[in-house]
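Heads up, the thing below is written out as structure tokens.
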Amino acid sequence: MNPGAAALRAGLHRGRIEFRQHMSDSQDIWGAVFPPAVSLVVMYILRDSTVPGTDASLGSHSVPGILAMNVVLTGLMGLAIALTTDREDSTLLRAKAVPNGVLGYLTGKVVSRAAVTVASLFVVLIPASFLFGGLELGRVMSWVTLTWVLALGLIATLPIGAILGALFNGAQSLSVTTLVLMGLVAISGVFHPVDGFPGWLQLLAQVFPLYWLALGLRSALLPGELAAAEIGGSWRHAETVGVLGLWAVLGFLVAPVVLSRMARRESGSSVAARRAKAARRPM
């Protein structure tokens, strides 16, 4: 078997094992469940509020945005944190010692984080189907659209997580990135349509994949007439595919370069230096 293909096969197997471990670890489960659960509670409190210009509940309108936010937090940030953590405890260094080990390691991480992200979405969808009306969960096309939007969204965002994990030296250093992501959540229409924002802020939101991921998920789960509340008055599927596809291409071009440089820099001395730095941090 081709060495690269063997590494990918080993990575898929590793991903399945890590996914089962995540699903049996109470701390991992809590980390994946807590943010969307809090968001659902907030949206339930606001269930009597309506989307401006419509009679639709703001709570049900926000469910797809919560799913999009979960993709970013559980998938993108989860992968970034996993990479930085494994660099600190020398897991990545051990993978580097095996032929094509880094490729297998990264494949496993991507597979496991993607699987955890998909599983965590049902933590939102199942209770949301009972808490909120107006979600189009009974249509086949809803699930078809949900599937391709989610798949494309993961392909567009997971490489960004890998890049962040390679660039930052520790999980604590990612805190700034988390604040930036929370800012993007605020401007990307996750909890409120962006058409009421200033024009420059609308343009800024549309640069990033979170806006398009949330828009695509709304097109899957909400009634078609709610497209009137969006920019341009439509779900803009073509633009969604274009922007998310562009981010995916950029990610797959940049991530291998950044990750290969990061892997080359990994050594026993660099791991020891990070451990010494971590030991000096105040508790």
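Heads up: the sequence shown is residues 1 to 283, going by UniProt numbering.
In this text, a Cβ means the ideal position worked out from N, Cα and C, and glycines have one as well.
Note that this is a predicted model, so its numbers are computed, not measured.
Contact between the region 68–77 and the region 222–230 is absent: fewer than three C-beta pairs spanning the two stretches fall below 8 Å. Remark: C-beta atoms of HIS22 and VAL124 do not approach each other more closely than 8 Å. Looking at the backbone, the Cα of GLY133 and that of LEU40 are separated by about 13 Å. Residue pairing for SER142: DSSP places it in no beta bridge. In the same chain as LEU204, and ignoring 5 residues on each side of it, the C-beta atoms closer than 8 Å to its own belong to ILE187, in chain order. DSSP, reduced to helix, strand and coil, places SER60 within a helical segment of the structure shown. Between THR84 and LEU174, the CB-CB gap stays under 8 Å.
In the assembly as shown, PRO198 is an exposed residue. Its beta-carbon has fewer than 16 other beta-carbons within 10 Å.
Just measuring C-alpha positions, the residue of ILE81, LEU167, VAL149 sitting nearest ARG264 is LEU167. By the Cβ criterion, the region 241–261 is in contact with the region 207–215, since at least three pairs of Cβ atoms, one from each stretch, lie closer than 8 Å.
Distance between LEU131 and GLY59, taken at the CA atoms: about 9 Å. The straight-line gap separating the alpha-carbon atoms of ARG9 and PRO99 is approximately 14 Å.
THR107 and LEU221 have their alpha carbons spaced roughly 30 Å apart.
The residue from TRP148, GLY104, PHE122 with its alpha-carbon nearest to that of ALA6 is GLY104.
At least 8 Å separates the beta-carbon of ILE163 from that of VAL63. Around VAL194, the same chain offers GLN202, ALA205 as residues with beta carbons nearer than 6 Å, after the five sequence neighbours per side are excluded.
Taking 4 residues as the shortest admissible run, the region 12–61 contains the following complete alpha helix (DSSP H) segments, listed from N- to C-terminal end: 26–45. PRO99 carries a coil assignment under DSSP once its states are collapsed to helix, strand and coil. Here the alpha carbon of TRP143 sits roughly 7 Å from the alpha carbon of LEU137. Within the same chain, and ignoring the five residues on either side of ALA128 in sequence, the residues whose Cβ sits closer than 7 Å to its Cβ are LEU40, VAL63, LEU135.
By the neighbour-count definition (other C-beta atoms within 10 Å, threshold 16), PRO36 is a buried residue.
Going by beta carbons, LEU67 and GLY161 fall outside the 8 Å limit. Check the Cα spacing between ILE45 and each of LEU253, PHE191, VAL249, THR240: the tightest is with PHE191. In the three-state scheme derived from DSSP, where H, G and I count as helix and E and B as strand, PRO127 is classed as helix. The Cβ neighbour count for LEU217, taken over all protein chains shown within 10 Å, is at least 16; the residue is labelled buried. In this model, SER49 and SER57 are separated by some 6 Å (Cα to Cα). In this structure VAL102 is buried. Its beta-carbon is surrounded by 16 or more other beta-carbon atoms within 10 angstroms. Shortest Cα-Cα distance from ASN169 to any of PHE34, ILE155, VAL110, ALA80 involves ALA80. Beyond the five residues adjoining it in sequence on each side, THR177 comes within less than 8 Å, by CB distance, of MET77, ALA80, LEU164, PHE168 in the same chain, given in chain order.
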